[in-house]
Amino acid sequence: MAEPKEIGRSAPRYPATKALALLAAGLILVGAPLAGVLMKGERPLDYLDFPPVARHVAHAPFSMPVFAMLAILTIAILAPFIGQMLKRGICTSGSAPFSCHAGGGHPPVRDAGFPPWGWLGIGLAALSWMMAWTRFNWFESLQPFTFPTLWLGYIVTANALVQKRTGSCMLSADPCGFALLFPISSAFWWFFEYLNRFVCNWYYIGVENFSPGRYVLFASLCFATVLPAVSATAALLASFPRLSCTGLREFLRWPGYSSMKAGWSLLAVSSAGLVCLPVFPDVLFPLLWLAPFMVAVGVRAVASHPPPFPEMERGDWTRVAQWALAALICGFFWEMWNFYSLPKWKYDVPFVNRFHIFEMPLLGYAGYLPFGLECAVVAEAAAVFGAAIRRRRGAAKTGAEAIVK
């Protein structure tokens, strides 16, 4: 059966526009906040120090009216999705095993067996957790590096659970693509550290005596686990057919969200917001999490590329929910494991810095939802990049064999 055409889209022009689209996104995301710094009358170079060590800056105090307004807005956005899931329900226990699988997840396997290497992940996570939350003098120099090993244990364990449920996972099926996620993840989170320079919503303690080189090494290792963790969690969620068969598969159709007009509108709004971010950080701080996805959608639409989550155009929000929830789940573990770790991060978020769960203020957890979508965009780009590398290697190998023959 032929695949239905995407609504309102022409054939993507990847070869001609991919590099320009990437360049445009980079210029907007990096350059727009610096333009705002110039508007503010400050020197852009002051925001370009590397490593960009986050510093504590006092923000607007807690405001119950602002907290209530943002809480109501968050609930209003999420309520239709939650209501749809409750209204349509999930697949009943009498459903056929594969009746719910429609491109949004992995078909479940009865029991492929928990792989032996999964136990290594559990052991590594348990040992790292213990060492991260204790204070042994003999381990003091290595303690900062327990956080990345803790998350490596989580990543391996999550992949093992996917392997058990589906018979395959990224770690076993595509180890090169899996490994590629780590350096891309590190660069990905360094970008958010850059954006945080303009709003200062989080800062680190326990790194005051780090040399620049040691800080870059420590931070890069921690940041490298972000994308693999969210990707593995999203894959694990997708392996549950009941979670994949909520009413979100046939929900709000959004046929125009990737149109040229929508693309230019998103770019205009996100660019203006990023320019104003350093000028009004206490008001516009949510754009730190919203603007990157808006830019990704806008640039792809203007360049006539397929949008992130193209299935939203036909009303399927399942993958959106999976990635958003995956980031929220990882966010819970990030905040929990950070709480007694050292070094650690703390928050100072304008107007809403109260009702903490671990170090994170309650409303701050909402930021993980759009962050999950941005993780999906970058993970998809990493997969495309990895596939291109494999094709080139395959072509080079074929050419070399032909020459030998």
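Per my numbering, residue 821 is the first one in the sequence shown, and the count goes up by one each step. Where is the CB? At the ideal position from N, CA and C, for every residue including glycine. Note that the structure is a prediction, hence the values are computed from the model and not measured.
Worksheet item: In chain order, which beta strand (DSSP E) runs of at least 3 residues are fully inside the region 954-1042?
Response: 1022-1025
Fill in: Gly933 beta carbon less than 8 Å from that of Lys860
Reading the sequence shown from its first residue, position 40 is the one you call residue 860. Reading the sequence shown from its first residue, position 113 is the one you call residue 933. No, these two residues do not count as a Cβ contact at 8 Å.
Worksheet item: Quick one: what's got a C-beta closer than 8 Å to Phe1002's C-beta in the same chain, skipping five residues either side?
Response: Within the sequence shown, residue 1002 is the residue found at index 182, counting from 1. Correct list, in chain order: Ala1044, Thr1045, Leu1047 and Pro1048.
Practice prompt. Could you pull the start and end residues of the alpha helix (DSSP H) that Trp1137 belongs to?
Written response: Position 317 of the sequence shown, counting from 1, holds the residue named residue 1137. Looking at the DSSP string, Trp1137 is not in any alpha helix (DSSP H), and its letter there is neither H nor E.
Discussion item. On the CB-based measure, 16 or more other CB atoms within 10 Å of its CB, does Thr954 come out buried or exposed?
Written reply: What you label residue 954 is simply residue 134 of the sequence shown in a count that begins at 1. Flag for Thr954 reads exposed.
Discussion item. So if DSSP puts Met1180 in a beta bridge, which residue, or which two residues, is it bridged to?
Written reply: Looking up residue 1180 in the sequence shown gives position 360. The partner list for Met1180 (beta bridge, DSSP) reads Ile1177.
Item to complete: List the endpoints of the continuous beta strand (DSSP E) containing Trp1165.
Response: Translated into the one-based positions of the sequence shown, residue 1165 becomes position 345. Here the beta strand (DSSP E) through Trp1165 covers Lys1164 to Tyr1167.
Worksheet item: How far does the alpha helix (DSSP H) with Met1114 in it reach, from first residue to last?
Response: As a working mapping, residue 1114 is identified with position 294 in the sequence shown. Looking at the DSSP string, the run of the alpha helix (DSSP H) that includes Met1114 is Leu1107 to Val1122.
Fill in: Trp1109, buried or exposed, once every other Cβ within 10 Å from all chains shown has been counted against 16
By 1-based counting over the sequence shown, the position of residue 1109 is 289. Buried, since its Cβ has 16 or more Cβ neighbours within 10 Å.
Worksheet item: Excluding sequence positions up to five away, which residues of its chain have a Cβ less than 7 Å from the Cβ of Leu1104?
Response: The residue labelled residue 1104 in the question sits at position 284 within the sequence shown. So the qualifying residues of the chain are Gly1093, Cys1096 and Leu1097.
Worksheet item: Would Arg1210 be called buried (16 or more neighbouring beta carbons within 10 Å of its own) or exposed?
Response: One-based indexing of the sequence shown puts residue 1210 at position 390. Exposed, because fewer than 16 other Cβ atoms sit within 10 Å of the Cβ of Arg1210.
Worksheet entry | First through last residue of the alpha helix (DSSP H) which encompasses Thr1053 | Within the sequence shown, the letter at position 233 stands for residue 1053. Unbroken alpha helix (DSSP H) run through Thr1053: Val1046 to Ala1058.
Worksheet item: Comparing alpha-carbon positions, which option in Asp1102, Pro1101, Phe965 and Val1115 lies nearest Tyr1077?
Response: What you label residue 1077 is simply residue 257 of the sequence shown in a count that begins at 1. Of the listed residues, the one whose Cα sits closest to Tyr1077 is Val1115.
Item to complete: With distances taken Cα to Cα, identify the nearest neighbour of Gly1026 among Met990, Tyr1035 and Ala852.
Response: Position 206 of the sequence shown holds residue 1026. Of the candidates Met990, Tyr1035 and Ala852, the one whose C-alpha sits nearest the C-alpha of Gly1026 is Tyr1035.
Discussion item. Shorter than 7 Å, the distance from the beta carbon of Gly1093 to the closest heavy atom of the ligand GTP, or not?
Written reply: Inclusion of the ligand GTP in the displayed structure is not the case, the ligand content being empty and no account of it being possible.
Practice prompt. Can you grab the Cα-Cα spacing for the pair Leu1145 / Ala1054, in whole Å?
Written response: Counting from 1 along the sequence shown, the entry for residue 1145 is found at position 325. Counting from 1 along the sequence shown, the entry for residue 1054 is found at position 234. For Leu1145 and Ala1054, the distance between alpha carbons rounds to 8 Å.
Practice prompt. Can you tell me which of the three DSSP states Asp1102 falls into?
Written response: Residue numbering aside, residue 1102 sits at position 282 when the sequence shown is read from its first letter. Note: Asp1102 maps to helix in three-state DSSP.
Fill in: Beta-carbon proximity list for Arg875, same chain, < 8 Å, skipping 5 on both sides
Numbered from 1 along the sequence shown, position 55 holds the residue referred to as residue 875. Around Arg875: Cys1020 and Tyr1023.
Practice prompt. For Arg863, collect the residues of the same chain with a Cβ closer than 6 Å to its Cβ; drop the 5 residues on either side in sequence, then sort them by chain order.
Written response: Numbered from its first residue, the sequence shown carries residue 863 at position 43. Around Arg863: no qualifying Cβ.
Worksheet item: How close, in whole Å, do the beta carbons of Pro1127 and Arg1134 come, if the pair is a contact with beta carbons under 8 Å?
Response: As a working note, residue 1127 is residue 307 in the sequence shown. As a working note, residue 1134 is residue 314 in the sequence shown. Rounded, the Cβ-Cβ distance is 12 Å, inconsistent with contact.
Item to complete: Could you please give the first and the last residue of the uninterrupted alpha helix (DSSP H) stretch that includes Ser1091?
Response: In the sequence shown, counting from the first residue as 1, residue 1091 sits at position 271. Note, Ser1091: alpha helix (DSSP H), Met1080 to Cys1096.
Worksheet item: Just reading off the alpha helix (DSSP H) that Pro1226 is part of, what are its end residues?
Response: Residue coverage of the chain in this structure runs from 821 to 1225, which leaves residue 1226 outside it and unanswerable.
Worksheet item: Are the region 966-982 and the region 936-944 touching, with three or more C-beta to C-beta distances below 8 Å?
Response: yes
Worksheet item: Which residue's Cα is closest to the Cα of Gly1187: Leu1107, His1176, Ala1207 and Glu1179?
Response: Here residue 1187 is taken as the residue at index 367 of the sequence shown, counted from 1. Nearest option by C-alpha distance: Leu1107.
Fill in: Where Gly808 falls, given that 16 or more other Cβ within 10 Å makes a residue buried
Since the first residue shown for the chain is 821 and the last is 1225, residue 808 is missing from the structure and cannot be characterised.
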